[in-house]
Amino acid sequence: MRYAQITGWGKYAPPLLMTNDDMAKIVDTSDEWIYSRSGIRQRHYSHVSTGEMAWLSAERALAAAGVDAEEIDLVILGSTTPEEICPNTASYIKNQLGATKAAAFDLNSACTSWFYALNSATDMIKSGSINKALVIGAERISLAMDWNKRESCFLFGDGAGAVVIEASGQESGLLAGKMSCVPNSRECLHLPNWGMSPAHLTDDIFISLNFEGQEIFKSAVKGMSDAITDVLEKQGLTPDDIDLFVPHQANIRIIQTLAKRLDFPMEKVVVAIDEYANTSAASIPLALCDALEEGRVKPGMTILTATFGAGLTCGAGIIKWGERVEPIGESDKSIPEFDGTVFDLMKDSFTHYGVDATHLLSKGKL
Ligand SMILES: CC(C)(COP(=O)(O)OP(=O)(O)OC[C@H]1O[C@@H](n2cnc3c(N)ncnc32)[C@H](O)[C@@H]1OP(=O)(O)O)[C@@H](O)C(=O)NCCC(=O)NCCS
Numbered sequence: 000m001r002y003a004q005i006t007g008w009g010k011y012a013p014p015l016l017m018t019n020d021d022m023a024k025i026v027d028t029s030d031e032w033i034y035s036r037s038g039i040r041q042r043h044y045s046h047v048s049t050g051e052m053a054w055l056s057a058e059r060a061l062a063a064a065g066v067d068a069e070e071i072d073l074v075i076l077g078s079t080t081p082e083e084i085c086p087n088t089a090s091y092i093k094n095q096l097g098a099t100k101a102a103a104f105d106l107n108s109a110c111t112s113w114f115y116a117l118n119s120a121t122d123m124i125k126s127g128s129i130n131k132a133l134v135i136g137a138e139r140i141s142l143a144m145d146w147n148k149r150e151s152c153f154l155f156g157d158g159a160g161a162v163v164i165e166a167s168g169q170e171s172g173l174l175a176g177k178m179s180c181v182p183n184s185r186e187c188l189h190l191p192n193w194g195m196s197p198a199h200l201t202d203d204i205f206i207s208l209n210f211e212g213q214e215i216f217k218s219a220v221k222g223m224s225d226a227i228t229d230v231l232e233k234q235g236l237t238p239d240d241i242d243l244f245v246p247h248q249a250n251i252r253i254i255q256t257l258a259k260r261l262d263f264p265m266e267k268v269v270v271a272i273d274e275y276a277n278t279s280a281a282s283i284p285l286a287l288c289d290a291l292e293e294g295r296v297k298p299g300m301t302i303l304t305a306t307f308g309a310g311l312t313c314g315a316g317i318i319k320w321g322e323r324v325e326p327i328g329e330s331d332k333s334i335p336e337f338d339g340t341v342f343d344l345m346k347d348s349f350t351h352y353g354v355d356a357t358h359l360l361s362k363g364k365l
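Once you know that position 326 of the sequence shown is 325 in numbering that gives the first Met the number 0, the rest is easy, because the numbers rise by one and skip nothing.
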């Protein structure tokens with residue numbers, strides 16, 4: 000029997016932070032309101048593209064796995080925010096890595112993209128069509144934040160996380176996966192004008208997230224619960240058999256509601272939303288990397304993951320960890336830092352959305 004073991008992991012969290020207090024300087028909100036409604040304290044905003052963030056997280060994952068880029072058969076980028084639709088961003092990452100023989104494609108199912116990609120690549124390894132894959136989730140979603148919408152602009156952050164998966168005879172990796180899509184829930188989370196639409200031929204492109212928070216909340220909890228039930232049944236497991244739960248990080252209250260439904264203690268849940276906010280496709284690999292760094296992942300653990308995103312796509316998986324929880328090596332690659340503050344970084348975005356933030360900019364950035 001072939002399995003697809005996770006042998007390497009890596010992340011890139013951009014260094015510039017937009018804290019809730021920073022946000023309250025631009026939007027009518029407060030740290031207290033945001034934290035109590037969502038569990039978010041801050042978000043990382045990127046000065047580089049989705050492709051660059053994804054590339055560095057992939058370099059780090061390869062080093063952790065002790066695998067050369069030339070050995071990789073497939074690079075999948077899960078993302079909603081590639082800088083271009085054509086050519087795909089995975090081919091940029093492949094070239095930057097020197098993954099000469101790898102096939103490359105992007106996969107977009109919104110926040111579930113990394114999980115959908117992991118499930119797809121795992122099945123390809125299990126079927127024997129490939130041996131080694133890089134599965135990356137990366138988003139630069141800060142540029143789509145409409146500062147006039149206080150109900151949604153605080154929710155998202157940027158980042159990237161990647162794993163290397165390799166064919167193995169040992170029972171490990173994603174043992175059971177469920178991908179689903181809740182019927183008739185497309186409109187509750189929508190980025191109009193993000194892509195090719197006839198409107199682009201006539202209008203200026205203006206991206207602004209449409210968002211029905213409570214509708215998403217309900218559909219997400221139901222969709223993830225159903226997917227979790229499915230994978231637990233497939234593996235003949237109950238929640239008691241799960242050692243660690245790494246859910247999509249969209250809202251702490253969604254995570255808590257889900258844990259309660261499963262009768263699952265919060266001590267076994269990985270929570271990273273306070274640090275990163277919702278990084279969409281990057282959220283689960285970022286949380287997984289942090290759990291590994293913190294020593295929370297132990298050899299042979301049974302890990303549950305669950306996710307949802309625009310569409311409304313959902314998913315859940317049971318991952319059996321291998322023996323190694325330490326990286327084999329570390330990458331010496333890096334991205335030069337941005338010369339300025341997070342407000343300087345977002346200068347053009349403030350102008351685009353008609354927000355006057357000139358008083359917040361560093362001298363010389365005006
Ligand atoms: C967005 C979310 C945090 C809002 O929480 P909520 O408890 O539903 O809050 P509501 O939308 O009911 O808003 C309550 C009040 O706060 C106000 N409010 C909204 N945003 C605010 C902000 N940033 N700061 C202060 N007040 C705000 C609203 O205007 C409303 O005021 P009113 O009662 O006077 O009308 C929550 O619905 C959520 O997280 N949903 C899921 C979102 C998600 O996961 N999206 C990603 C999908 S991958």
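No residue lacks a Cβ here, since even glycine has one placed at the ideal position from N, Cα and C.
Check	Outcome
CB-CB under 7 angstroms to K24, same chain, minus the five flanking residues each way: which ones, in chain order?	L359
Can you check which of these residues, W320, T304, N250, is closest to C313 by C-alpha distance?	T304
For H189 and R40, I'd like the C-alpha separation in whole angstroms.	24 angstroms
May I have the straight-line CA-CA distance separating D338 from A166, to the nearest angstrom?	43 angstroms
Would you say the segment 66-86 touches the segment 99-112, given that touching needs at least three Cβ pairs under 8 angstroms?	yes
Starting from H351 and walking both ways along the beta strand (DSSP E), at which residues does that stretch end?	Segment 346-351 is the alpha helix (DSSP H) holding H351; no beta strand (DSSP E) there.
Please state the DSSP three-state secondary structure of E211.	coil
Any heavy atom of ligand 1 inside 7 angstroms of the beta-carbon of L188?	yes
Check the DSSP bridge columns for H247 and list the partner residues they point to.	For H247, which the question treats as bridged, DSSP gives no partner whatsoever.
Mind the definition here: the segment 320-337 touches the segment 258-273 only if three or more C-beta pairs lie below 8 angstroms; say whether that holds.	no
What do you get for C288, buried or exposed, if any count of 16 or more other CB atoms within 10 angstroms of its CB means buried?	buried
Evaluate the contact criterion for the segment 120-129 versus the segment 50-69: three or more CB pairs, one atom per stretch, below 8 angstroms.	no
For I283 versus G136, is the C-beta distance shorter than 8 angstroms?	yes
Report yes or no: is there a C-beta of chain C within less than 8 angstroms of the C-beta of I75?	Within the model displayed, chain C is absent; a lone protein chain is all it includes.
Would a C-beta distance cut-off of 8 angstroms place A391 and A226 closer than the cut-off?	With the chain covering 0 to 365 only, the question about residue 391 has no answer from this structure.
For ligand 1, any of its heavy atoms closer than 7 angstroms to the Cβ of G363?	no
With a threshold of 6 angstroms on Cβ separation, who are the neighbours of K131 within its own chain once the five nearest residues in sequence on each side are excluded?	E70, I71, D72, E165
Could you check if W8 belongs to the surroundings of ligand 1, using beta carbon to heavy atom distance under 7 angstroms?	no
On a Cα-Cα basis, can you pick out the residue from L311, S112, G363, A281 that is closest to I215?	L311
I'd like to confirm something about R40: is its beta-carbon nearer than 7 angstroms to some heavy atom of ligand 1, or not?	no
Distance, Cα to Cα, Q169 vs R1?	8 angstroms
Within the same chain, show all residues whose beta-carbon is closer than 6 angstroms to that of D229, passing over the 5 residues directly before and after it, in chain order.	K177
In its own chain, which residues sit with a C-beta less than 6 angstroms from the C-beta of A309, not counting the 5 before and 5 after it?	A109, L188
According to DSSP, simplified to helix, strand and coil, what is N94?	helix
Using a 10 Å radius around the Cβ and a threshold of 16 neighbouring Cβ atoms, would you call K319 buried or exposed?	buried
If V296 sits next to L243, beta carbons under 8 angstroms apart, how far is it from one beta carbon to the other, in whole angstroms?	7 angstroms
Which value, in whole angstroms, describes the spacing of the CA atoms of K259 and S361?	46 angstroms
Can K32 be considered in contact with ligand 1, in the sense that its beta carbon sits closer than 7 angstroms to one or more heavy atoms?	Reading off the sequence shown, one finds Trp at residue 32, where the question assumed Lys. For ligand 1, at least one heavy atom lies less than 7 angstroms from the Cβ of W32.
Closest by CA to R36, which one among T99, D262, I272?	I272
Could you check where the beta strand (DSSP E) with T301 kicks off and where it finishes?	301-308
Tell me whether the segment 149-157 and the segment 86-97 touch, counting them as touching only if at least three CB pairs, one residue from each stretch, are closer than 8 angstroms.	no
Just to confirm, does F307 get its C-beta within under 7 angstroms of one of the non-hydrogen atoms of ligand 1?	yes
Quick one: using the 10 Å Cβ neighbour count with 16 as the cut-off for buried, is D355 buried or exposed?	exposed
Please classify Q248: is it buried, with 16 or more other beta-carbons within 10 angstroms of its beta-carbon, or exposed?	buried
Give the range of the alpha helix (DSSP H) segment to which C187 is assigned.	Per DSSP, C187 belongs to no alpha helix (DSSP H) and is neither H nor E.
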